[in-house]
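What follows is one structure encoded as structure tokens, with my remarks underneath.
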Amino acid sequence: MPIYLDSNATTRVHPEVIDAMMPFLTDHWYNPSSGYGAGQAVKAAIGKAREQVASLIGAKPSEIVFTGCGTESNNMAIKSLAREIGRKHSKVLVSEIEHSAVLRPTEAMAAVGFDVQRIGVDGEGRLDLEAFEKAIDTSCPGFISIMWANNETGVIQPIAEAAALAKKAGWFVHTDAIQAVGKVPVKVDEAPVDFLSISGHKFHAPKGVGVLYVRENSPFEPMIRGGGQEEGRRSGTENVPYIVGLGKAAELMQSELENGGIDRVGMLRDLLETTLCDRLKGVQLNGSREHRTTNVAHVSFEGCVAAEMLPKLDAAGIQCSAGSACMTGKANPSHVQKAMGFSDERAFSSLRLSLSIFSTDGEVLEAAESIIQIVNDVRA
Ligand code: PLP
């Protein structure tokens, strides 16, 4: 069995999630908008999933909008906010380390005349709050889109501080929390955000289902109009089995967070890092030690090129990546590591090893042995 260390790319669907979904592919296949009992039972299942997700992030169920994926959630928030602030005399701030699902839509806004500014990060991969504060223009409307945790390094951003500064200026706040939800406690009362994006497949629900949290009374313009599902905020007949699965995954992750399961992942991550650092020279652990999700080790191996290591690791049964899955095969160094001030050499020598609640200490130790051997081989 290969050892999976790429949980920031996607995660295995939890068996209990599959069990929860199955009845909605078999017996309960009705349209939740149908008025008769069987349809209403399906509608009730969506309602339960809404409550499960709301509970995980400390929101009201009415603030949860189900979407087709995290990318859609980000686009929905950004496009709605673009309409709200208008392109003339307004401003948008994003960080340099955002996922392409924020960078591309805001680039498209810049192309049609919006003033979009990217704010840098420090060497630990955290937003430069001073530069951020300076860039806020209190004389015009605006919004920010700053991620809760980075997908490559796992570094948690000062989102509460950034959101508070934006709110002081009367601006709106979106956060891409796709790599944070289910991995660290994320509560919407911790930061004054208007919109927060979630993706199911990052925490053991299937791919192709997400959530946009829309704070009550925050202005919102739907991107997809039609039959008025999701209170008119995202039309289209609901993807019931996947929504039910996402709800179950949210419930399971809440219990992992409350019962120490996520801390155990952190202990495994630490075991992996210390084994690599103890046994190899020229190893650098990247990103803030203090502010990070528990599941990511982002490591540079001096004198190695990740592109050379990855096929060897794959052949040895270790599945991991050099950066985000969307960047696989790209010739340029990761924009995240460049923003952190890394040389091309260091950026090209990094591996992202990301764990999940299914990781075991046996796997971590076996993976560490393989990595050590491959690093020594490549260096030789
Ligand atoms: N934002 C971040 C930070 C991500 O890590 C990802 C997925 O890799 C996305 C957005 C896109 O989410 P999805 O794959 O559900 O479209």
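Those letters in the sequence shown? Residues 5 to 384, by our numbering.
Beta carbons: idealized from backbone N, C-alpha and C, even for Gly.
Put simply, the backbone Cα of I22 is about 10 Å away from that of A253. The beta carbon of D180 sits closer than 8 Å to at least one heavy atom of the ligand PLP. Between Q258 and Q56, the C-beta gap is smaller than 9 Å, which places the two residues in contact.
The beta carbons of A105 and G74 sit closer together than 9 Å. For I50, the three-state secondary structure derived from DSSP is helix.
For V106, the CB falls within less than 8 Å of some heavy atom of the ligand PLP. The region 357-371 makes no contact with the region 338-349: fewer than 3 CB pairs, one atom from each, lie closer than 8 Å.
Fewer than three Cβ pairs drawn from the region 55-71 and the region 96-112 lie within less than 8 Å of each other, which leaves the two stretches out of contact. When R350, A81 and A24 are compared, the shortest CA-CA separation from V215 is found for A81.
Take P223, set aside five residues on each side of it, and the residues of its chain with a beta-carbon closer than 6 Å to its own are E88, in chain order.
In this structure, the C-beta of S325 stays at least 8 Å away from each heavy atom of the ligand PLP.
A contact is defined here as three or more CB-CB pairs under 8 Å, and the region 362-374 meets this definition with respect to the region 6-15. If you check the CB distance, P162 and L133 come in under 9 Å.
K95: member of the beta strand (DSSP E) spanning K95 to S99, first to last residue. One thing to note: R54 has its Cβ within 9 Å of the Cβ of P65. Sequence-distant partners of E225 (beyond 5 residues in either direction) whose C-beta falls short of 6 Å from its own C-beta, in its chain, are S84 and R87.
At least one heavy atom of the ligand PLP lies less than 8 Å from the C-beta of C73. With fewer than 16 other Cβ atoms inside 10 Å of its own Cβ, E312 counts as exposed.
A straight line joining the alpha-carbon of D198 with that of A181 spans about 12 Å. Apart from sequence neighbours up to five positions away, the residues of its chain that approach A301 with a beta-carbon distance below 6 Å are R273, L276, E277 and L357, ordered along the chain. Rounded to whole angstroms, the separation of the alpha carbons of N78 and W152 is 13 Å. For F207, the secondary structure class from DSSP, reduced to helix, strand or coil, is helix. Here G146 carries a strand assignment [DSSP, helix/strand/coil]. Sequence-distant partners of M25 (beyond 5 residues in either direction) whose C-beta falls short of 6 Å from its own C-beta, in its chain, are P245, V248 and G249.
Membership of F352 in any beta strand (DSSP E) is not indicated; the residue belongs instead to the alpha helix (DSSP H) covering D348 to F352.
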